[in-house]
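Worksheet: the structure to be examined is printed underneath.
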Amino acid sequence: MTSSHPQNASSRADHSPAETFKPTREHLLGIGLLAAIALLSIGWAPKYLFWILIFPILGFWWVLRSRTTVDSHGLHIRYGFRGPKDIAWKDFAGIGFQRSRAYARTTDGKNLNLPGVTFNSLPRLAKASQGRIPDALTAGRNAADDKVVIVHRDGQQVLLTKEEYADYLEAHPELKE
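Offset between the sequence shown (1-based) and the working numbering: plus 41.
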């Protein structure tokens, strides 16, 4: 469907292209394995166990349907088994990560899961949101680039600046070789 009035150049410049985050397709490999195991189980008693195939089908549906889209208007979330949700940027309070799940917090305190979004998605999220979602991952990597890593014998790691490392070597002359 097209609009009957043309858009001017300034309105097009305000809209960055949408970025879509989907669950990785590697999930389908695990679902295929689950389906194979289900078929083996069904072979023992097909009359009673036919319903087991519903689990791989539901997993397949979830992987193909769920996604999070970020554009200049906000976040558009499509879940596998419930209705879609939209969060306008004015209603967006922040993003969080709990275990392996990402969620968006709204200004009214609701947390909405973001399918397909991981912590490693932060650089793409920051770019698609035009900076509304900060990229803590790249900032942390850049901060660590100028540091020296010291690994102790017990496995503990310490990040030091180059000046702190020089002081550390002066305090521990046995480390100089």
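Glycine residues also receive a C-beta, built at the ideal position from the N, C-alpha and C atoms.
Bear in mind the structure is a predicted one, so any value in this text is a computation, not a measurement.
{"Asked": "Taking a contact to mean a Cβ-Cβ separation below 9 Å, would you say residue 111 touches residue 59 in this structure?", "Found": "yes"}
{"Asked": "Reducing DSSP to helix, strand and coil, say where residue 144 ends up.", "Found": "strand"}
{"Asked": "Can you tell me where the alpha helix (DSSP H) holding residue 186 begins and where it ends?", "Found": "177-186"}
{"Asked": "Leaving out the 5 sequence neighbours to the left and right, which residues in its chain are closer than 7 Å to residue 119 when beta-carbon positions are compared?", "Found": "106, 107, 108 and 125"}
{"Asked": "Are three or more beta carbon pairs between the segment 92-105 and the segment 60-79 nearer than 8 Å?", "Found": "yes"}
{"Asked": "According to DSSP, is residue 192 helix, strand or coil?", "Found": "strand"}
{"Asked": "Does residue 132 come out as helix, strand or coil in the three-state DSSP assignment?", "Found": "helix"}
{"Asked": "If you check the beta carbons only, do residue 156 and residue 167 fall under 9 Å apart?", "Found": "no"}
{"Asked": "Quick check on residue 81: buried or exposed, where buried means 16 or more other Cβ atoms within 10 Å of its Cβ?", "Found": "exposed"}
{"Asked": "Relative to the alpha-carbon of residue 188, which residue among 204, 152 and 194 has its alpha-carbon at the smallest distance?", "Found": "204"}
{"Asked": "Which value, in whole angstroms, describes the spacing of the CA atoms of residue 91 and residue 97?", "Found": "12 Å"}
{"Asked": "At what residues does the beta strand (DSSP E) containing residue 117 begin and finish?", "Found": "115-119"}
{"Asked": "On the criterion of 16 or more Cβ atoms from any shown chain inside 10 Å, does residue 62 qualify as buried, or is it exposed?", "Found": "buried"}
{"Asked": "Which word fits residue 87, buried or exposed, when buried means at least 16 other C-beta atoms lie within 10 angstroms of its C-beta?", "Found": "exposed"}
{"Asked": "Nearest CA to the CA of residue 223: which residue from 145, 149 and 208?", "Found": "What the structure shows of the chain is the stretch from 42 to 218, and residue 223 is not part of that stretch, so it cannot be assessed."}
{"Asked": "Under 9 Å, do residue 66 and residue 130 count as touching if we go by C-beta distance?", "Found": "no"}
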